[in-house]
Structures are given as C-alpha cells and as structure tokens.
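Residue numbers (the working numbering), protein chains in the order written: chain F, 1137 to 1391; chain W, 17 to 682. In this text, a Cβ means the ideal position worked out from N, Cα and C, and glycines have one as well. Here the structure is a predicted model, which is why all the values come from computation and not from measurement.
Rendered as structure tokens:
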C-alpha cells in the first residue's frame, strides 16, 4: 500500500535550556492511503502538538514528516500555505466556520482558494453535501445551524479539495452524543466511499472506536497501538477501554 | 504604580492609539493654524483696513472654532469609546484581580492625560510650522508684500487650543469614569465573545430598497437642479429630505444588492477570497448604515466647502479689475423734492469736498427713470428665475442714460463713442446670465416705447459696458437714448466717476476721509476701487479659509470614524483571518483581501458623496455664475489633493493597523 504519511522520529521541545518540556519525544509511525487512524492520549500527552506538527501549523524540533513524497519540515512558509491548501483538510473541535459566510460558501471557500473552476465548485459542493446530508442547510449561516450540522459542514470543507490527508482534532469534542455518532458515521462514509485518509485526534474512547487503528500516546511517546482488524466496534471499544485503564487514566473520559 | 501601568498601557496599545492619536494631532494642528491668523500680520505690510479685515477674519475663525471644537469633541469621545471597547477584556481582568473601579478610572484618566499632552504638543508643533506656510498664503491672498521671514508664534492661538482641547479631554475623562462605573464584570469578560446579530435581509427586500433609493436620489437631484439653491421653498426641503432618505436607503441596501448581483456571476464570486471580502463588507455595513449615511453627507459638505469656498473667492477676486474701471464712483440719489441746479462734482466742490487737487479726470452721468420696466426687455421665464434674487425685478425700472453723457464716460474709459439716430436706443448690460435673453430680444421685435415714441435698437447685439466702479457686474440692462428725448426730465441718480492723479493708497484715503467727513446726507455712497479690492480680498480670504477649515475638520471626522469602525472589527477579523491562514491562504492573499475590504469600505461613502457633489456643485455654479465663472478644474484638483492626503493617511493607518492586529495572533 502507498504511504501517505510517514513520521520519522520527531521531537518537539518547548522552553529553553535547563527547562525543557518534551511535548513530543521521538515518535515514528506511518499512515497508508485510505486508512482511518486515531491518536489517543490523556490531556498533556502531546497528541495535539503532534497533530499541529503534522498539519504544518507548528514546526518540529527534530525529525522528519513526509506527506506523499514531500518532507514538510523542509518547506518554506509560502510552500507550506500551498501545501495546506492542496494536500490537507482540517476539521477542528470548535468547527471554525466563518460566521459571515453561508454553509455553501464555507465549503466553496476551500475550492476557491485553490482556484478551481466555478462550475466544478458548484457540482462538487452539491455532491459532498448530499453525501454528508447537509443539502438543506447549505444556504444557512453557521449561527443558524446545530453543532452537528456545523461539524459536517466543516468536514465537507475539509474533504472537498480531495486532500491526501484529513486531520481531525477532537471533532466530536463540542457535540452531543447523537450528533457525534452521526458525524462519525459520516467519517466512515468519507473513508469508505471517497477513500479519504483520516487522522483523528481524540481522548474519547467511543469516538476512537470508529477508527481502524489507534495509536496511544503517553508523555510524548508512543505507548501502544491497537488494530481493529476483524473486531466489531463494540469489541474494539472494550479493547480501547482496557488500554485507557492501563494508561492510568480514570474512567471519566470513557463514555 | 498606576501611572506606571498607564504609561505601559499607552506604549503597548500604541497600535490601537494610532488613529486616535492621528486624529487628535490633526485636530489640534488645524485648530492652532486657523486661530493664529492674526499673528501672521507680523510678516507682511498691510493697510489699516486690511488689518481690520484680518481681525474680523480672526473673530470669524474664533466663532467657527467653537462649532469645530464641538465636532472634534464628539469625534474624540467616539474614538475613545472605541478604545475602551477594545480593552474591555483587559479592564475585566483588572477587576477580577480585585482592582476597584475607581482605580481603573484613575488608570484611564492618566492614559487620556498622557495621550492628550503628547498629541497636544505634537499638534501644536506641527501647527506652528504650518502656520508659517499659511501666512505666505494669507499674504498672497491679501496681495500684500512679505516683509521678511519672521518666525511667528501666536500665544493666543496656543492658549486657545490648550483650553479647548483641555476641556475635551476633561469631558473624555468624565465620560470614561461614568462608563466604567456602569460596567458589569461579566460583560467585560465576555466582551470578546461576539454577539452581533447578523441582520439578514431578504433578496427582494434589498433589491426593492436599492431601487427606491435610486429613485429617491434621482427625484432629489431633479428637484434641486430645477429649483436651484437660493429658493428656500417646499421643493428645496423636499429635495434635501429625499436626498437624505435616498442616501440612507442606498447604504441599507447597497451591500445586499451588490452581494446578490455579484453572486449571480459565479465566475467572480467563486474566485479566490472574493466571496469572503464581500461578506465581510456586507456584515459590517449591515450594522453601520446610519453612520455611513452621516459620513456620506459630511463628505458632501467637505467637498462642497473645500471647492466652493476657494472657488467663490477666486470668482470674487478674478473680475475685480473689470468691475472697477474708475478709482472711485460717487453716486447720489436725487430726492423727489430736490432741485438740481449743479452737477454732482460742483455740488461737492461747493460743499468743501475738494476734488480738484486729486482728480486727473472725471465724468458725470445722470440716470433717468422713464417708466420702462424690465418685463418689456426680459423674457418672462427668465424673470421668474430672477425672482430668486429679490422681489419681482420685472417691475423695476430700466435705467436710462443720455447719449452725450454716456459718450463722455466712454471717453474717460478710452473707448470709442457710440452713435444713435433719433429713433434709436442702445441696450447695454454686463450681466452675463442675461446675454442669451438679450440676444433673443434683439433678434425679434426690439421696439420700446418711451414717452409715446417708439425706439428701435441701434445694434443687433447687446452692448456690454461697465460704466461705474462696483463690487460685481451688476448692470441687468440699461438704455442709452438720444439727448433730445431727455430734455426737461429730472434724473433720479447722479453718478460721478473719478480717476486720481496718484494711484497710491494715500490719495484714496484722503478722498475717502473727505467724503466721510462730509455730513450732508443728500449724497449717498461711493465705491472706491482700492476699498472694493480690499474688501473682496478680505471676503474671499474668509470664504476660502472657512471652506478649508470646515472641510478639513469634516474630512478628518469622516476618515477617523471609518477607520475606527474598521479597526473595531479587527478583533473579529483576527479570528477569521487566522482561520483562513489555517486553511492555507497565503499572506499575499490575506493582505489582498484585507486591502480590498478596507478600501471598499472607505470608498463607498466617498463614491456617493462625489456623485452628490457633482450635482450640488452644478447647482451652486448657477448661483456663482452671477459673480463670474468658477474654475472647476483647479477646484476639483484642490479638493482631490486634500481628500487623497487625509483620507489616504487614514486609509493607510487603518490598513497597516488591521494588518498588524491580524498578524499578532498567528
């Protein structure tokens, strides 16, 4: 299988001499095309830092990150912007939709920035909206939508450019459980039907149980790897709970 | 400790304060410059009457300055309110840390004080330097010679500026203290959370509103063009009301309308960040249409005062040489029961107003009233229009002059005398607006009946002579007829034109003193060339200075309000642009979007104001035409320069300010 993401021994240090915090401490892993992978860990374990490094929002202290065949740690800021536009899709915990734009426009924005033809934009937006069942909110503004709808609009925006990698940072964090479930089902659709490669960061076992593979991080290091394989979601969920317990975490984060 | 905090705050929020600071400095600077006019005379040689004019000018500027300081006061309070709004969170944190409201007020008072002192000082320094330049302009307008360069400092203006702005700052401090005492902690801390309701309008509504605004404006333009600005009547008010309403509707609906129109063209709409920029403007204007309307109207006033102030003064001075062909004209209205035995010249000589020693030459002409009314020589439509300038001119008598006397005046002017047959008259008028009328009149039936005798015009063209010294071209139309027709008639006015031996001011002063001391009320008034020129120059200086002063202050006010509105939005924008960056928008794209957003916002009220003023100036020109032709090109360039400099400065300050606010939180 083709490797989409290859993280090689990256480190991220904060602070200065004598007072160094190792947020990410020598993590290596790779993601193949079409994978749906989760990164779990308690707060402070370094998962968000890891995601920020992969998403080129933050820079690494050491190590290399390859997306496709590009080493993103070597790109300059202009190329990074282009890379983010064309190769990555983002889904944030707090949706990050532009409040002045309608859902349609929010989705289309991702395409206008990569200078797509306006006819293609029309078709693509309608298509993705149908898949994510947000056709009826396309003309609404973010403040007129529910959290779940907003997050699906954000997902549509992330996926519409057909990025190599979709990065989701706690996508269910601000959703109620029903909306969360709908969103996760949407992710599955995107993964299966559109062959989207999704990397999702979460601390929530239920959310994680939708993934096919889970990396567990503790204190900036890889702690464990779980593979769903032939398990049902329920079995996988139980496995995750076991690991979370092992992590020494409490059960508060378990649904 | 508090002052330390305040000083640090000012230093840190210098970016926020830029606009505030810029406005204050501009304000102080203008205030000083226009109040320092009196001190400028140190640099030039001017006559006594010019000195009087200069002090009158100073007085007028002083009165206008009160009005100006009220406007500046409001502007500064508005700007200050914006600053407080931006800092609500910071103030909230002080409060959660247990700082009392009175202490917070104290910090703000110190901050206001600091900023006030600094801007006052800088504004005064710039003002002092600028006033040197202005004195050169004043000297030029007064046609006075600059003696030598002297550094001028007007302590009066300085003290006045300090007192005025001191009062404004005290008001700001009071305002701050009051608004802080009303603050609730929860609101302060949540101030950053947006709760602005996006007011959405239906598509058809914005289209209907837009169309009605265009209709309102069109009707308003039509009314004012038809009506003119001198007739203050129902149509005039209606035009003003419709104009304001139209402007208001225009700004309510414009952004929505524009959005819809551009949305129809997907190619443009779905290109780069166009969609984002349009929405940004849309959301802002939806909440600021009231101030947009006000700004537009103020810009209209700015353009109006800047261009007509200067323009009028040009007009007032440009024709001066033509309207004052003699050094002095003395006019005497003959009373009904008065018996005229002598010429006016002889009368004056007899009454010990000696003119022989100063007069190089003189001519005298009598004006007669033989019952010919203007409605016989001026077309009816035109008469209706002329009514604007006074009561019904159609009922006025046309002045009639004797051929021989008229030719004497022409001789004094060095012009060839005219000839008339016994049944002919000559029609003369120097009033440009009526040229067309007389052309028509002289082409058709030119018969005029005087004393039961029908006379015809000696020429097919109207003659244009200026036969007395007067501040402007004022001869609506006069008739010259053969001497025989006037035998036995009593004149109603005697006009004596004198040229001096010496051309200097001294002679004029002596003559005027002699005439002023002569207390016989029989003779009425005189117009001296030098006096008229000085007065016109004085009046034109007043007009152009007033125009520039008021215009500039209004311009600053408009630009500052626009700038503050854009900057106040910058914190919301910060989030939006941060997101765009995350989504992969390049710096260049973002800067372009920001630039477009701000420039469109700045240009919109200016655009409509320019259209308004094109109509306004057209109408104003009709009035000015009485005095002479406005030089439109020069005025337009002058206004454009002012607008580009000041509006441009604020625009750039806003753009760079917003850019750095947006960059701050990468």
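Any C-beta of chain F under 8 Å from that of residue i
| i | result |
| --- | --- |
| residue 296/W | yes |
| residue 211/W | In this predicted model, residue 211/W has a pLDDT of only 44, less than 50, meaning its place in the structure is not dependable; the value taken from the coordinates is given anyway. Chain F contact via Cβ: absent. |
| residue 103/W | no |
| residue 276/W | no |
| residue 236/W | no |
| residue 299/W | yes |
| residue 283/W | yes |
| residue 592/W | yes |
C-alpha gap between residue i and residue j, whole angstroms
| i | j | result |
| --- | --- | --- |
| residue 658/W | residue 576/W | 15 Å |
| residue 66/W | residue 530/W | 20 Å |
| residue 285/W | residue 243/W | 43 Å |
| residue 1324/F | residue 1278/F | 24 Å |
| residue 1185/F | residue 133/W | 48 Å |
| residue 276/W | residue 1226/F | 30 Å |
| residue 398/W | residue 453/W | 8 Å |
| residue 546/W | residue 139/W | 38 Å |
| residue 1252/F | residue 1299/F | 14 Å |
| residue 1221/F | residue 27/W | 38 Å |
| residue 521/W | residue 509/W | 28 Å |
| residue 1390/F | residue 1187/F | At residue 1390/F the pLDDT is 46, less than 50, meaning the model places this residue with poor confidence and gives no usable figure here. |
| residue 1267/F | residue 1260/F | 11 Å |
| residue 227/W | residue 298/W | 18 Å |
Per-residue burial, residue i [other beta carbons within 10 Å of its own, 16 or more giving buried]
| i | result |
| --- | --- |
| residue 1371/F | exposed |
| residue 250/W | exposed |
| residue 446/W | buried |
| residue 601/W | buried |
| residue 666/W | buried |
| residue 311/W | buried |
| residue 212/W | Note on residue 212/W: pLDDT 48, under 50, position unreliable in the model; no value is reported. |
| residue 57/W | buried |
| residue 306/W | exposed |
| residue 19/W | exposed |
| residue 202/W | exposed |
| residue 1150/F | exposed |
| residue 663/W | buried |
| residue 484/W | buried |
| residue 603/W | exposed |
| residue 1387/F | With a pLDDT of only 49 at residue 1387/F, under 50, the local geometry of the prediction cannot be trusted, and the value read off the model is given with reservation. Exposed is the call here. |
| residue 614/W | buried |
| residue 433/W | exposed |
| residue 181/W | buried |
Interface partners of residue i on chain F, CB under 7 Å
| i | result |
| --- | --- |
| residue 286/W | 1244, 1248, 1254 and 1257 |
Contact set between residue i and chain B, taken where Cβ atoms lie within less than 7 Å
| i | result |
| --- | --- |
| residue 1195/F | The chain labelled as chain B is not found among the protein chains of the depicted structure, namely F and W. |
Neighbour flag for residue i against chain W, beta carbons, 8 Å
| i | result |
| --- | --- |
| residue 1188/F | no |
| residue 1372/F | no |
| residue 1221/F | yes |
| residue 1141/F | no |
| residue 1378/F | no |
| residue 1263/F | no |
| residue 1271/F | no |
| residue 1241/F | yes |
| residue 1327/F | no |
Interface residues of chain F facing residue i [CB-CB closer than 8 Å]
| i | result |
| --- | --- |
| residue 602/W | 1214, 1217 and 1218 |
| residue 612/W | Within chain F, no residue comes near residue 612/W; the closest Cβ sits about 14 Å away, beyond 8 Å. |
Closer than 8 Å at the beta carbon, the chain W residues around residue i
| i | result |
| --- | --- |
| residue 1232/F | 595 and 598 |
| residue 1275/F | Near residue 1275/F there are no residues of chain W at all, since even the closest Cβ is about 11 Å away, more than 8 Å. |
| residue 1226/F | 598 and 599 |
CB-CB length for residue i against residue j, believed under 8 Å
| i | j | result |
| --- | --- | --- |
| residue 350/W | residue 507/W | 6 Å |
| residue 1240/F | residue 1275/F | 6 Å |
| residue 1199/F | residue 1147/F | 6 Å |
Amino acids of chain W, ordered along the chain, whose beta-carbon sits closer than 9 Å to that of residue i
| i | result |
| --- | --- |
| residue 1237/F | 291, 292 and 295 |
| residue 1210/F | Here the premise fails: no neighbours, minimum Cβ distance about 18 Å. |
Proximal chain W residues relative to residue i, where beta-carbon distance stays under 7 Å
| i | result |
| --- | --- |
| residue 1361/F | Result: empty, since nearest Cβ-Cβ is about 29 Å, beyond 7 Å. |
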